Structure formats: C-alpha cells, structure tokens
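Colleague:
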Amino acid sequence: MNGESAYARAYARALYGSAQARHEVDGVTQDILALERQWVGSPELRHFCKRGLPGSPAGRARSVEKLWGGTFTRTMVFFLSVLAQRDHLGMVPLITGQYQKMDDRAQGRSDVRISFACEPGEEEIGQIRKLVADAYGPVMKVAVRVDPALIAGTRFFVNDRRVDASLAGRLARLRAGLTKPQQPGKAAS
Amino acid sequence: MNIQLKPDEISALLRRQMQQADRPVDVAEVGTVLSVGDGIARVDGLSTVMYNELVETESGVAGLALNLEEDSVGIAILDDVTLVREGDLFRRTGRVISVPVGKALTGRVVDALGRPLDGKGPVLSDELLPVEGFAPSIIERKNVCEPLQTGILAIDALTPIGRGQRELIIGDRKTGKTTLAVDTILNQAGTGVQCFYVAVGQKLSTVSALHKLLSERGAMAYTTIVLANASEPAPLQYLAPYTGCAMAEYWRDRGGHALVIYDDLTKHAQAYRQMSLLLRRPPGREAFPGDIFYLHSRLLERAAKLSDEKGGGSLTALPIVETQANDISAYIPTNVISITDGQIFLEAGLFHEGQRPAINPGVSVSRVGGDAQVKAMKQAAGPLRVLLAQYRELEAFMRFSSDLDAGTLEQLAVGRSLMYVLRQAPNQPVAVHKQVAVLFAGTEKALVKVPDSRLREAVKDLYDAVDTYENGKAYAARFASSPVMDDELKGLLTRVIEDSVRKYRKG
Ligand SMILES: Nc1ncnc2c1ncn2[C@@H]1O[C@H](COP(=O)(O)OP(=O)(O)OP(=O)(O)O)[C@@H](O)[C@H]1O
Ligand SMILES: [Mg+2]
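In order, the protein sequence lines correspond to chains A and B.
My numbering puts the first residue of the first sequence at 1, with every later residue one more than the last.
My numbering puts the first residue of the second sequence at 1, with every later residue one more than the last.
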C-alpha cells in the first residue's frame, strides 16, 4: 500500500473511533458526505487544500474554524483542524472514501457495484438488488455503470465478492480452462 | 508423437473440454492490488482469505496470502512479478497451497509448486497434498529402528543415521556437503527409499550437474528434484522445502520410506528473511523475523518413523546448513542444531588437508541412529571414537615434543591409518559389509605396518578383496545371512584382510 492511503486509513479510523466514542457517528457521517460534495463542487476548496492553507499551524486551524465551524459537528471541525495543522487537508478525498467504507462495514451495508454491457432497465437492477438483499440483507449502496467491454450480460461486486455473468468473463474462463494442462483423472470423467 | 486422430474424435475431445471449462456464471471472492513491488502485492479486499491460502489473478498468476492485516492482505507472488499490476484482481481459491504427489513425481524435476521443469510434459498425478502438512503426533511415532545406509564409511560408522531421523549436514562453503547428500541418494538404489532433493537458492548449473550425475547412475529412477534456484522469486524458495516434504510424506504415510535433502536451509532462511522484510514484519537477531525458529522446526518435525499401527513408514531428513568460518554459533546453525537429532560437521581445514569427506568426528554426533545401526557395524565401530580422540590429542602433543616412545608412535600410526580408512572419493558409496571389513582392519591395527604412501592402495585392494577373493566371498555370504560380529565372522574377515593387506606391508 502506498504511504498516502495508509495515512488516510489511519485518519479515517481515528475519526470513526472518536465519532463512536462521542455517539456522533450519524452527525459525522453527514459531515463526511457534505464534505465530499463540497470537494467535488468547489475547485477553490480543492485548490487550497492541495496547496495547503496559508499561515502558521494555529492560523490554519483558525481558518478551518471559520470555514466549517458553524456547519459541522465539533468532532469533525476538530478533526479537520488537526489535518490543517499538519498540512494533510489534501488527503480529504482519500479519508472520506475510507471513512465510508468503515461506516458501511459497521452498519452491515453492502457495497454493490454493478456493470452492465448495455444500458440496464429498472427491472435488471431490481433483480440484482433482490439477489443481494436475499444473501446479505436489505441495507445496501448501489452504483451502476455501463461497460461495453463486457460484450453482453452483467458483472457485479458485493463487497469482496464478485459475480461475473458477462460474456467477456465467460470467454476468458473458457480460454483459461482450455489452455490449462489437463489432469488425466479429470479428463477421463 | 505418432497418434492418428480422426476429425470426429477431435471434435468430441474439444466438446468435452469445452463443457468442463465453460461456466456461464462465476462467483469469486476478490481483492484489488493496491501496490506491488519486490514480489509482494498489497491487496484491498479478500477479507475472508486464510493464512497460506493460494490466490490467483485472472491471468493465472499464483500468490500466497501471508500477511493478514486489518485492512489489507500481503501476498507473496509465486510467478513472474511483472505480470501483476496495480488494480488487478486476486481471487481466492479456497485451497491452501497443495502440490501433486505420488509415483508420477519420481524421476522428475519440478518447481516449488510441483510444475515440471524438465520438459518431460505435465506431471500426471491425481493426488494433491498441502505443502504445510501436519507433523505426526507422539503416539503416531516410534523410535528410529532401521538403518539408512549412506554408503559413506565415516557417517555409517560414527554418526549412523536411522530411517525417520533428522541429521544436519553443516559446514563452510565448498566442504563437500552436497556430495554427502548426493552419495546418500546414490546408495539408496534397490532399498525402496524414495529420495527427494530440494535445491534452494543454488545456481542452476550446480543442480543440472547433479541431475546429470543422478541420471547417469540410474538414481533418478527413485528420485525427485524440487528446484527453486537463486533466480526464482523468494516466495518460491521459501516454499520449496515444504513442497519436497509433502511429496515425501505421501510415501511415509503409505508405509513407505522417504529421504528428503534440503540443500540448503541457510538460503531458505535468507529467502524468508527477504520476504518478511518486504512484508514489513519486525526484524530481530541478524535481521531475521521472530518466527524463524518455527520456520525450520515445523519443517523438520515432519520427519518421523511412524508406529506400526500407522504403517511403519518413515521420512528421513538431511537438512544442510552453510556456516561462515566454521561458526556454528550463528543464529541459523544454532537453531537447526537444536531441532535435529545430530549433526555431521564438515571442516574446511580437514578438507584442504585432503581428509575428505572432511567430517570432524569430535563434534559430529548422531543422537538416535545408533539404535538402528547394523550389529556388526556397531561392533566394528565401537573402539573408533576413542581411538580417533586419542589420536587427535597425541597429534596436538606431537607438535611440542620430538622424542616419543614406541607405544605412542604405534598409537599415532593406528590413528593415521584410521583417518585414511575414513577417506572416501566422491560418488562412490560403499556397501555395509565392505565398510565393516575395512573398519575392522583399521581398528584391529592390521593396517599399521602399511606405509602411508601405500595406504590408499591397500584400502582399495581390501574393498575389492571382499568381492573377488574366495575368503572374501565367504565372508560376504556369512554377513548377508547374519551381520553379527562373532568369532566365525571375525575369523573369515581376518583371513581376507591378511590375504589382501600382506602385499602392502613394508619389510
Ligand atoms: N570426498 C571427497 N573427495 C574428493 N573431493 C570431494 C569430496 N567431496 C567433495 N569433493 C569435491 O569438493 C567440491 C565441493 O563439493 P560440494 O559441492 O559437495 O561442496 P558443498 O559444501 O556442497 O559446496 P557449496 O558450498 O558450493 O554448496 C566438489 O568439486 C567435489 O567434487
Ligand atoms: Mg552444495
């Protein structure tokens, strides 16, 4: 793992831990989502965070207070000012990603990523939702995209599990199966 | 190949293969490679993977799950590292690493995953065994009771090895360690002992020379070579000894007898150290990770003589360890010495003096093999240790004093002739009845009057005499029926020795 993402994980874990300790997980999770939206929506915010806020560590902490003091929970504001003091605000997108993974895991929320070969209908997505719900429970977060490289069919991930029902995958398995040296016992059956 | 296939047979074959390979839906547990370097991949996901489980990429690159951390898994890549890139997926196989075992392996050269390296086609084996097998428990074992003849007089006399024993061969580089092991393999012809030579971190040229020798001498008929040479990734070098051991266990657990040679465990430990540092495990003494002892103990504990209820099979292990400047107190040597049932210590000094095999009898021991020694050999070798110890002492003393009495001079001559008797050319193992004959001649002082310059000839003549002289044949026949050193055998032996040695005495 590269250094950045290891750091980000450590930060996210610290934030999640203190949110739990103060019974503020819901609030902090809201803040994380809001922060993610701000990050995507505001080029200025991205620019400042990546460059590092100007001023001394204490000055940077005050800037954080000004920016988010009124809107975010105290835990979140404190966390961000620690990041600012250490000039680590550039890691925000990594940290929010990691935090959400942790939250998903803690809430038993399945992370479902579905790819279809061509634009899916509601019904197809619904089918997969039902499959996942039967196996993992109803709480889930679903992301859908179209990937023509699949040729036909679908491939989806539920957390660590991958279900591949695409033509591209089937062809790849066929190829791998045929090029593997045949074991005598199995070939005879 | 000269097989004619008809078109409809081909299409039937293809159809069958396609049916097996065609799976419309595939479900797998996967993880994404976050980073890869130095043969180690860090993977996000695979949250339920087991320690030591085999994982695979889409393109079939194998990996070994080793570091199971809270939010990532460290995977040692067992193939070409350049085939794995960031973002690739590793999938679980649900199997701990297993290798093909059984008769199909005999005569083959394979890598640490049991894949053929000798160009003789696939290894056609139905059976797999996990490389990390369990060591037999105490009640499943019994004491070592049958000899494993090495064919090397110095070993069979002084540090006898029994089937199921673990005897360490230790010494500096180029002191004849590998030669001892290979000669032992050569000497297993016709004994039914299956041999496995595991080469770890060696040069390919060394191993191919060894393969050639074993082939020429017909020893590949009962031998398998497991090869992870110096240019292989460290994880394969780490795995190779366990692979060889699993292959040998197949025979042990079916009432058969197997011999495994690990050449050598120093390089094995170094490969493990490299892997551990890359996996960021905390280094300890000599930068080895803390579990280095377990690395070798769990391997060598699998050597055993099984109880009769378990079929009475055996697995004998001859690990090899290389020392620096005869230092057996370094970390790896002390560890392995403490795990094994004895050691054969080869000394560079002796080797250069021409005393080859360069076994130092003073510090070489076998803690269990004596019980398994052939009776007559045990009797003939009885006085050997003491005589050699006296000789070494006198020899040291001789450096300070010049006028020695006749008794002392004779003791020296006996010692010298015994040291000669223990010399042996490489790749020429000797049958036990011949060993006993020559040893008896040495300890009974029959060779004392032979001048040093003719000792070599005299010993060689005596070896031949046992095969060719009438008395020799009588002795050999009697030995075959009952190998006990009683008066009859002694009488026969004394006559052979007289007939042969007489020619070389001075005066
Ligand atoms: N008994 C012997 N008599 C004469 N020469 C020998 C004897 N044993 C070994 N040699 C020679 O000594 C050389 C080194 O032997 P060998 O390769 O067995 O040593 P080694 O300790 O395994 O070396 P390495 O450190 O390279 O593994 C070889 O050329 C071998 O032929
Ligand atoms: Mg060697």
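Built from N, CA and C at the ideal position, the CB exists for glycine as well.
Since the model is a prediction, treat every value here as computed from it, not as a measurement.
By alpha-carbon positions, which one of B:Ser98, B:Gly94, B:Leu124 ends up nearest to B:Arg108?
Modeller: B:Leu124
Colleague: To the nearest angstrom, how far is it from the Cα of B:Val432 to the Cα of A:Leu174?
Modeller: 58 Å
Colleague: Between A:Arg129 and chain B, is any beta-carbon pair separated by less than 8 Å?
Modeller: no
Colleague: Using three-state DSSP, classify A:Arg175 as helix, strand or coil.
Modeller: Note: A:Arg175 maps to helix in three-state DSSP.
Colleague: Would you call the CB atoms of B:Ile261 and B:Tyr222 closer than 8 Å?
Modeller: no
Colleague: Assuming contact is defined by CB atoms lying nearer than 8 Å, are B:Gly565 and B:His257 in contact in what I supplied?
Modeller: Since the displayed chain B opens at 1 and closes at 507, residue 565 of chain B lies outside it and no answer follows.
Colleague: With a threshold of 16 other CB atoms inside 10 Å of the CB of B:Asn143, please say whether the residue is buried or exposed.
Modeller: exposed
Colleague: Is it true that the segment 104-120 of chain A meets the segment 68-81 of chain A, where meeting means three or more beta-carbon pairs spaced less than 8 Å apart?
Modeller: no
Colleague: Label B:Val49 either buried or exposed according to how many other C-beta atoms from any shown protein chain fall within 10 Å of its C-beta, with 16 as the threshold for buried.
Modeller: buried
Colleague: Do three or more CB pairs link the segment 135-151 of chain B to the segment 282-291 of chain B at distances below 8 Å?
Modeller: no
Colleague: Under 8 Å, do B:Thr243 and B:Val99 count as touching if we go by C-beta distance?
Modeller: yes
Colleague: I want to check one thing, is the minimum distance from the CB of B:Gln435 to the heavy atoms of ligand 1 below 7 Å?
Modeller: No; taking the cut-off as 7 Å, the Cβ of B:Gln435 has no heavy atom of ligand 1 nearer than that.
Colleague: Quick one: does the C-beta of B:Lys212 sit closer than 7 Å to a heavy atom of ligand 2?
Modeller: no
Colleague: Please list, following the chain, all residues that have a C-beta closer than 6 Å to any non-hydrogen atom of ligand 2.
Modeller: Summarising the contact set, residues whose Cβ lies nearer than 6 Å to any heavy atom of ligand 2 are, in chain order, B:Lys177, B:Thr178, B:Asp263.
Colleague: Taking 7 Å as the cut-off, is the CB of B:Gly349 close to at least one heavy atom of ligand 1?
Modeller: Every heavy atom of ligand 1 is 7 Å or more from the Cβ of B:Gly349, so no.
Colleague: Pick out whichever of B:Ser11, B:Val436, B:Glu470 has its Cα sitting closest to the Cα of B:Phe479.
Modeller: B:Val436
Colleague: Using beta-carbon positions only, say whether B:Val501 and B:Val421 come within less than 8 Å of one another.
Modeller: no
Colleague: Note down, in chain order, all residues in the segment 58-71 of chain B with a beta-carbon under 7 Å from any beta-carbon belonging to chain A.
Modeller: Glu58, Gly60, Asp71
Colleague: With a floor of 3 residues, list each beta strand (DSSP E) that falls wholly inside the segment 57-138 of chain B, ordered by position along the chain.
Modeller: Within the segment 57-138 of chain B, the complete beta strand (DSSP E) runs of at least 3 residues fall at 62-68, 73-77, 89-96, 98-101, 127-130.
Colleague: Secondary structure at B:Met377, three-state DSSP: helix, strand or coil?
Modeller: helix
Colleague: What do you get for A:Cys118, buried or exposed, if any count of 16 or more other CB atoms within 10 angstroms of its CB means buried?
Modeller: A:Cys118 comes out exposed.
Colleague: Along the beta strand (DSSP E) that carries A:Gly153, what are the first and last residues, could you check?
Modeller: 153-158
Colleague: Whose Cβ in chain B lies nearer than 8 Å to the Cβ of A:Asp160?
Modeller: Glu29, Val30, Gly31, Gly45, Leu46, Ser47, Thr48
Colleague: DSSP three-state label for B:Ser482, please.
Modeller: Note: B:Ser482 maps to coil in three-state DSSP.
Colleague: By a C-beta neighbour count over all protein chains shown, 10 Å radius and 16 as the cutoff for buried, is B:Met18 buried or exposed?
Modeller: exposed
Colleague: Could you give the distance in angstroms between the alpha-carbon of A:Met102 and the alpha-carbon of B:Glu309?
Modeller: 53 Å
Colleague: Could you tell me whether any Cβ in chain A is nearer than 8 Å to the Cβ of B:Asp26?
Modeller: Judged by the 8 Å Cβ criterion, B:Asp26 is in contact with chain A.
Colleague: Quick one: what's got a C-beta closer than 7 Å to B:Val448's C-beta in the same chain, skipping five residues either side?
Modeller: Glu410, Ala413, Val414, Ser417
Colleague: Using CA atoms only, rank isn't needed, just tell me which of A:Val64, A:Val158, A:Ile128, A:Ala34 is closest to A:Phe48.
Modeller: The candidate whose alpha carbon is nearest that of A:Phe48 is A:Val64.
Colleague: Under DSSP, the alpha helix (DSSP H) around B:Leu350 begins and ends at which residues?
Modeller: Membership of B:Leu350 in the alpha helix (DSSP H) is indicated by the continuous run 348-353.
Colleague: Comparing the C-beta of B:Ala189 with each C-beta of chain A, is any distance below 8 Å?
Modeller: no
Colleague: Grab the span of the beta strand (DSSP E) containing B:Tyr51 for me, first residue to last.
Modeller: No beta strand (DSSP E) holds B:Tyr51; DSSP gives it neither H nor E.
Colleague: Mind checking B:Asp403: buried by the 16 CB within 10 Å criterion, or exposed?
Modeller: exposed
Colleague: Check whether the Cβ of B:Thr175 sits closer than 7 Å to any heavy atom of ligand 1, and report yes or no.
Modeller: Yes; taking the cut-off as 7 Å, the Cβ of B:Thr175 has a heavy atom of ligand 1 nearer than that.
Colleague: In terms of DSSP beta bridges, what is A:Arg162 paired with?
Modeller: Answer is A:Phe157, B:Ala28, bridged to A:Arg162.
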